[in-house]
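Okay, structure first, notes after.
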Amino acid sequence: MSSMNPLRRLSLQAAAALVAGLALPLRALAAWNKEAFQAKSAADALKSLGVASSAESKDVVIEAPQIAENGAVVPIEITSNVPNTKSIALVIEKNPFPLAAKFDFAEGAAPYVKVNVKVGESSFVRVLAEAGGKFYSASKEIKVTIGGCGG
Amino acid sequence: MRLPAVFLLVFLFAAPGAFAQDSKKEIEKYQRMIADSSPAELFELQGEELWKKPQGPRKVSLERCDLGLGAGVLKGAYAQLPRYFKDADRVMDLETRLLFCMTTLQGRDRAETTRTVFGTADKPSEMEVLSAYIAGLSRGVKLAAGTTQPKEKQAYALGKQLFFHRAGPWDFSCASCHGEAGKRIRMQELPALGKPEYARPVVATWPAYRVSTSEMRTMQWRMNDCYRQMRYPEPEFASDATVAIITFLSVNARGEPYRGPGTKR
Amino acid sequence: MRAILFFAAVVLSSPAPAQDVTGVLKRDFHARGQATMDRVEQDALQRVCTEFADQPPAELAKLLEADQMKTLVFPAGSLLGDWKRGEAIAQSGRGATWLDPKNAPAGGSCYNCHQLSPQEASYGTIGPSLLRFGKLRGNGPEIQKYVYGKIYNAKAYNLCSQMPRLGQSGTLTEQQIKDLVALLLDPESPVNK
Amino acid sequence: MAEPMKIRATLKGDLCDVRVLMVHPMETGLRKDTNGAVVPAHFIQEMTVKVNGRTVIEGQISQAVSRNPVFSFRLNGVKAGDKLEIAWLDNKGERSQTETAIA
Numbered sequence: 001m002s003s004m005n006p007l008r009r010l011s012l013q014a015a016a017a018l019v020a021g022l023a024l025p026l027r028a029l030a031a032w033n034k035e036a037f038q039a040k041s042a043a044d045a046l047k048s049l050g051v052a053s054s055a056e057s058k059d060v061v062i063e064a065p066q067i068a069e070n071g072a073v074v075p076i077e078i079t080s081n082v083p084n085t086k087s088i089a090l091v092i093e094k095n096p097f098p099l100a101a102k103f104d105f106a107e108g109a110a111p112y113v114k115v116n117v118k119v120g121e122s123s124f125v126r127v128l129a130e131a132g133g134k135f136y137s138a139s140k141e142i143k144v145t146i147g148g149c150g151g
Numbered sequence: 152m153r154l155p156a157v158f159l160l161v162f163l164f165a166a167p168g169a170f171a172q173d174s175k176k177e178i179e180k181y182q183r184m185i186a187d188s189s190p191a192e193l194f195e196l197q198g199e200e201l202w203k204k205p206q207g208p209r210k211v212s213l214e215r216c217d218l219g220l221g222a223g224v225l226k227g228a229y230a231q232l233p234r235y236f237k238d239a240d241r242v243m244d245l246e247t248r249l250l251f252c253m254t255t256l257q258g259r260d261r262a263e264t265t266r267t268v269f270g271t272a273d274k275p276s277e278m279e280v281l282s283a284y285i286a287g288l289s290r291g292v293k294l295a296a297g298t299t300q301p302k303e304k305q306a307y308a309l310g311k312q313l314f315f316h317r318a319g320p321w322d323f324s325c326a327s328c329h330g331e332a333g334k335r336i337r338m339q340e341l342p343a344l345g346k347p348e349y350a351r352p353v354v355a356t357w358p359a360y361r362v363s364t365s366e367m368r369t370m371q372w373r374m375n376d377c378y379r380q381m382r383y384p385e386p387e388f389a390s391d392a393t394v395a396i397i398t399f400l401s402v403n404a405r406g407e408p409y410r411g412p413g414t415k416r
Numbered sequence: 417m418r419a420i421l422f423f424a425a426v427v428l429s430s431p432a433p434a435q436d437v438t439g440v441l442k443r444d445f446h447a448r449g450q451a452t453m454d455r456v457e458q459d460a461l462q463r464v465c466t467e468f469a470d471q472p473p474a475e476l477a478k479l480l481e482a483d484q485m486k487t488l489v490f491p492a493g494s495l496l497g498d499w500k501r502g503e504a505i506a507q508s509g510r511g512a513t514w515l516d517p518k519n520a521p522a523g524g525s526c527y528n529c530h531q532l533s534p535q536e537a538s539y540g541t542i543g544p545s546l547l548r549f550g551k552l553r554g555n556g557p558e559i560q561k562y563v564y565g566k567i568y569n570a571k572a573y574n575l576c577s578q579m580p581r582l583g584q585s586g587t588l589t590e591q592q593i594k595d596l597v598a599l600l601l602d603p604e605s606p607v608n609k
Numbered sequence: 610m611a612e613p614m615k616i617r618a619t620l621k622g623d624l625c626d627v628r629v630l631m632v633h634p635m636e637t638g639l640r641k642d643t644n645g646a647v648v649p650a651h652f653i654q655e656m657t658v659k660v661n662g663r664t665v666i667e668g669q670i671s672q673a674v675s676r677n678p679v680f681s682f683r684l685n686g687v688k689a690g691d692k693l694e695i696a697w698l699d700n701k702g703e704r705s706q707t708e709t710a711i712a
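Residue numbers (this note's numbering), protein chains in the order written: chain A, 1 to 151; chain B, 152 to 416; chain C, 417 to 609; chain D, 610 to 712.
This is the structure in structure tokens:
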């Protein structure tokens, strides 16, 4: 592929931001990250989450149907087998606000979540797991079909 | 993103036969996953609260409502509906009977109790949440709609006739879509509801949480929305016609253990 | 022939053997939006298809198909419209229900029952696949006329077909049907690629 | 808010599968009602899962989560009788909280 991977492109932007001293301040846990959730592109959302770069990893597992009969409810099950995972973020690339959820896990909880989400149109979903200050990612395409009589 | 776009094109133009096979499997997976993470139970909880809530001019709950097994008996009651009720001298399905109890027992006005029979985000339907609760108390009980009383026989016969009756601007009958096995509308498999083997799993899982509207829906709603899409005028809620078709389907499904409320697209 | 017609006449004029379904519909249904109560009145074709469970005697079917054929109105000139608009009409399942505004253009609901463009994987199977329809049959005036007529009134060709009479019922306009003809026959249409 | 929340916690050894059902419209702010008026955004933004008073999961979610949300989580190092609390807060400041003993 000649086109640059958007995540790599993003990582360059983030690196530039770091150099310029514009990295986001650390936030108090669980205060709703308005900037990230209101971002209109996956790249902007990840930037707001402080994801500078990520590595594709088989240890991040997404279980979801490849075809959804209705985009209003699409079950997505996420497991991170990366040791010491402290958070998981779910991004639905083509949704109007791509960041769908972020979960922080403390000792006593496995880095696992299953959630039903809305997927507006056929889209890639991307999961980022954070462990040891690094991000590990996986993605999966979900096709949303037109169902029923459509009347 | 360029890469997925190219991938998508290749994917779409691949052999349609193989695609159909894979899509069937993937859709089954989708259906399994939505059933596993269904909020249907919440409606059962809400329904229980509503069942016990005093309402209407008499300020009484529905707890003395007789659904066919005696006043207040809920266990297994849904599974034996529709059936003939002597006090009303007609065959009733669950919602028709609930309406009867609301108007007689609670003394409520028919117009008020039927204002919102099919719920929306801001206006939930009493009928839908009550149905979820009551149906849930028949889980594991074999479906046994009435077949012996003359009016039950009449309802079944009328339901069967309605099922095959063609009318409306599009010349549709129920059987236009549900007459032949192995057909689909878009990706949805169409159960041939006139035959027991297809009626059984369907009737055993209504009422159902419909993900497309994120509402609990009942058989009365299913009749209503089918007739809408058949381009007919609107059937009256709890009318003899709707109860007759529901009787036809439920009798076809007799013997199947109830396992709802289900979850559907 | 005469015997069959006589039989049909008896069937159609005698009171329904079980219950009068049209009477039940009149009693238990009500008008809503554009779905007025006249919609429950059966015409002769609907009565015959109901009575014979969609398998009318061949002679009777031929006679009634000829009646339906008389409803066909063909516009002058080419019947090939714009396949791109045709694709949108084929995709849409809206129109003619009690929720649809009366004057909003309806869709044809084609994908509900037929496979057409290979790009659309979500298609129904109540009707036959129409993939490569024009590629297999060409797009001359005869086939244009057949496709237009079939969409306008499918019952002129097969009396108890499950396909709606989309033109005759007033669901689709002449231009919309031409656009659907193009979707099926235009060599540039994805159906024929 | 009296809207019910339902927790189901299934203990297997010292592992616990938790499933929670919530009643919430999860309005996106993009949907139009039958009169064509835009329905304002109304959705859960934050949720916490606590075991014996200690926070083990903190979630931030968007309007992309489906109406009547359902979540599953997995806890470890828990035993029968531990107190499980789940709470949420939405964009209008409404809250709901429920607790159960792990059995």
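Each residue gets a CB set at the ideal place from its N, CA and C atoms; glycine is no exception.
For the pair Glu69/A and Met381/B, the CB atoms are not nearer than the 8 angstroms cut-off. In terms of Cα proximity to Glu77/A, the closest of Pro111/A, Ala39/A, Phe37/A and Thr145/A is Pro111/A. Take the alpha-carbon of Gly690/D and the one of Glu214/B: they are about 34 angstroms apart. In the same chain as Glu63/A, and ignoring 5 residues on each side of it, the C-beta atoms closer than 7 angstroms to its own belong to Glu77, in chain order.
For Glu708/D, same chain residues with a beta-carbon under 7 angstroms away, outside a window of 5 residues either side, are Lys692, Leu693 and Glu694 in chain order.
If the five residues before and after Val224/B are omitted, its C-beta is found closer than 8 angstroms to the C-beta atoms of Asp217 and Leu218, all from its own chain and listed in chain order. Shown here for Lys226/B: same chain residues with a beta carbon closer than 6 angstroms to its own, the five before and five after excluded, namely Leu288 in chain order. Rounded to whole angstroms, the separation of the alpha carbons of Met635/D and Thr541/C is 36 angstroms. Burial check for Leu552/C: the Cβ neighbour count within 10 Å stays below 16, so the residue is exposed. DSSP links Ser705/D through a beta bridge to Trp697/D. Checking the DSSP bridge columns, you'll see Ser87/A partnered with Asp104/A and Glu130/A. According to DSSP, Cys625/D shares a beta bridge with Leu620/D and Leu684/D. Counted as a single uninterrupted DSSP element, the alpha helix (DSSP H) harbouring Gln592/C occupies residues Glu590 to Leu601.
Only those residues of the stretch 669-691 of chain D whose C-beta falls short of 9 angstroms from the nearest C-beta of chain B are listed: Ser675, Arg676, Asn677, Pro678, Val679, Phe680 and Ser681.
Lys609/C and Phe549/C have their C-alpha atoms spaced approximately 10 angstroms apart.
DSSP, reduced to helix, strand and coil, places His329/B within a helical segment of the structure shown.
For the set Ile178/B, Thr299/B and Asn375/B, the Cα lying nearest the Cα of Gln231/B is the one of Thr299/B. Take Trp321/B, set aside five residues on each side of it, and the residues of its chain with a beta-carbon closer than 6 angstroms to its own are Arg382, in chain order. The beta carbon of Pro65/A falls within 8 angstroms of a beta carbon belonging to chain B, placing the residue at that interface.
Taking one beta carbon from each stretch, the stretch 237-247 of chain B and the stretch 179-189 of chain B have fewer than 3 pairs nearer than 8 angstroms; the two do not touch. A contact between stretches requires three or more CB pairs, one per stretch, nearer than 8 angstroms, and the stretch 305-317 of chain B meets this requirement with the stretch 399-415 of chain B.
Counting only the Cα atoms, Phe652/D lies some 13 angstroms from Gly668/D. Contact check for Ile666/D against Val658/D passes: the beta carbons are separated by less than 8 angstroms.
Per DSSP, the beta-bridge partners of Val679/D are Leu630/D.
Between Ala359/B and chain D, the shortest Cβ-Cβ separation is not below 8 angstroms. Taking 3 residues as the shortest admissible run, the stretch 179-243 of chain B contains the following complete beta strand (DSSP E) segments, listed from N- to C-terminal end: 234-236 and 241-243.
Residue-level contact check: Val629/D does not touch chain B, since none of the beta carbons of chain B fall below 8 angstroms from its beta carbon. Taking a C-beta cut-off of 9 angstroms against chain C, none of the residues of the stretch 79-109 of chain A qualify. By the Cβ-count criterion, Lys40/A is exposed, with fewer than 16 other Cβ atoms from all chains shown falling within 10 Å of its own Cβ. Contact of Asp391/B with chain C is assigned, a C-beta pair being separated by under 8 angstroms. Residue pairing of Ala109/A in beta bridges, as defined by DSSP: Leu684/D. Taking a 10 Å sphere around the C-beta of Val127/A, we find 16 or more other C-beta atoms and assign the residue as buried. The alpha-carbon of Leu250/B is positioned some 36 angstroms away from that of Asn528/C. Counted as a single uninterrupted DSSP element, the beta strand (DSSP E) harbouring Met656/D occupies residues Ile653 to Val660.
With 16 or more neighbouring CB atoms inside 10 Å of its own CB, Glu277/B falls in the buried class.
Ser57/A places its beta carbon less than 8 angstroms from that of Tyr136/A.
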